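Written out below as structure tokens is the structure these notes cover.
In mature numbering (1 follows the signal peptide of the UniProt record, and there is no 0), the protein residues as written are -18 to -1, 1 to 121.
Next up, the structure:
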């Protein structure tokens, strides 16, 4: 009976961040942004995609430095998330709630979520905020 109860709980239990609303601003001509949106949906997030031809301006207004720009910008849980940031980094961000503005994965790395398969140890995600920019995670 106890094993059955645990099995049922495992099936219905979801992480605290599941169904967290994510708003993604993307250039309408960008296909990989749609792939990243699907990736986030597959991880249980409630995704809204907004076509925006001014993604870079939106990101820089949110404090993303020009050298950190990518093809889409997202808002989730009070944080700014810029680029193809892996979901496990976002889950960590939402669990830890650091005093930062958000996280950045600059550019469009070929081995990032939404681009192709992830390859551990090849993606450097940065945090940014009032205290500057720092490495947040190596993925």
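All residues carry an ideal CB built from backbone N, CA and C; glycine is no exception. What you are looking at is a predicted structure, and each value in this text was computed from that prediction instead of being measured.
Where residue i sits in the DSSP three-state scheme
i, result
"residue 72", "helix"
"residue 78", "helix"
"residue 119", "strand"
"residue 105", "coil"
"residue 62", "strand"
"residue 96", "coil"
Cβ-Cβ distance between residue i and residue j below 8 Å
i, j, result
"residue 86", "residue 111", "no"
"residue 115", "residue 54", "no"
"residue 107", "residue 56", "no"
"residue 18", "residue 66", "yes"
"residue 8", "residue 33", "yes"
"residue 88", "residue 40", "no"
Same chain, Cβ closer than 6 Å to residue i, five either side skipped, listed in chain order
i, result
"residue 62", "44, 83 and 84"
"residue 68", "95 and 121"
"residue 21", "95 and 96"
"residue 30", "5"
"residue 12", "53"
"residue 119", "71 and 107"
Residue range of the unbroken beta strand (DSSP E) whose run includes residue i
i, result
"residue 85", "84 to 87"
Same chain, Cβ closer than 7 Å to residue i, neighbours up to 5 away in sequence not counted
i, result
"residue 117", "106 and 108"
Contact set for residue i: own chain, Cβ-Cβ below 8 Å, skip 5 residues either direction
i, result
"residue 1", "26, 27 and 28"
"residue 42", "48 and 51"
Quiz item: Taking only runs of the beta strand (DSSP E) that begin and end inside the segment 2 to 60, which ones reach a length of at least 3 residues, in chain order?
Solution: If we require 3 residues or more, the beta strand (DSSP E) runs fully inside the segment 2 to 60 come out as 3 to 8, 28 to 33 and 54 to 58.
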